[in-house]
Ligand code: URA
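Numbering (the working numbering), first residue to last: 2 to 235.
As structure tokens, this is what we get:
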């Protein structure tokens, strides 16, 4: 349950005081009954009508962004330029946040949503949703690194879940990594343990959903329902 003025302000992307004004003017009904107080509570099951229009039942949005370098994965209101600022105005509704953080210098697939439960379900290591990255390294990697990744390495105090590591070039400096966790600077720290520096890092896939190749850096698009299912495929 949520206050009526908050619900209207979020759904219509208007200020709380404008929402209150609409309520006071008698423009709002909840389940066909006049709603004259902003403090009334409503839930997703209630039919809220504002000025004759039913508030959209589309509660959640899911956006794929190809994050460029130099932008932080944070919600609105922080000092540095963040992924929400990059969204076109018509996509920038309230309460959006990136589901999982990429470092400022990491590029690629960021999922932006207002669905906390969904975000939790793809981020929790217990759900086993794979995140796939490509990394460019400063030096060639050897088979010892691959074995350590695949066995579930220890990083400081922590034992990580097994990750997969595939070499992508003859120089052994380009690699594909698949992880199911998302601890701070995870991939950079995994390579650093073996004396390797990550020069470039890009996330190319979440679950079974690859980053849309047609999406240039800094651009975003909505994720379809079919694609959402692919994210959760394990
Ligand atoms: N691992 C990192 O080190 N950085 C990222 O941005 C993502 C995974």
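C-beta atoms are modelled at their ideal positions from N, C-alpha and C, and glycine is treated no differently.
All of these numbers come straight from a predicted model, not from anything done at the bench.
Asked, Found
"Check: residue 63 C-beta below 7 Å from any heavy atom of ligand 1", "no"
"Start and end residues, alpha helix (DSSP H) containing residue 94", "Taken as a continuous stretch (DSSP letters only), residue 94 belongs to no alpha helix (DSSP H), as it is neither H nor E."
"Selected residue, minimal CA-CA separation from residue 200, among 49, 19, 175", "175"
"Segments of 3+ residues assigned as beta strand (DSSP E) that fall wholly inside the segment 92 to 122", "108 to 114"
"Local Cβ density within 10 Å of residue 82, reported as buried at 16 or more and exposed below that", "exposed"
"Where the beta strand (DSSP E) through residue 132 begins and ends", "132 to 138"
"Residues near ligand 1, criterion Cβ-heavy atom distance below 5 Å", "103, 104, 107, 186, 187, 188, 189"
"Nearest-angstrom beta carbon gap, residue 15 and residue 30 [assumed within contact, 8 Å]", "Not a contact, Cβ separation roughly 18 Å."
"Local Cβ density within 10 Å of residue 6, reported as buried at 16 or more and exposed below that", "buried"
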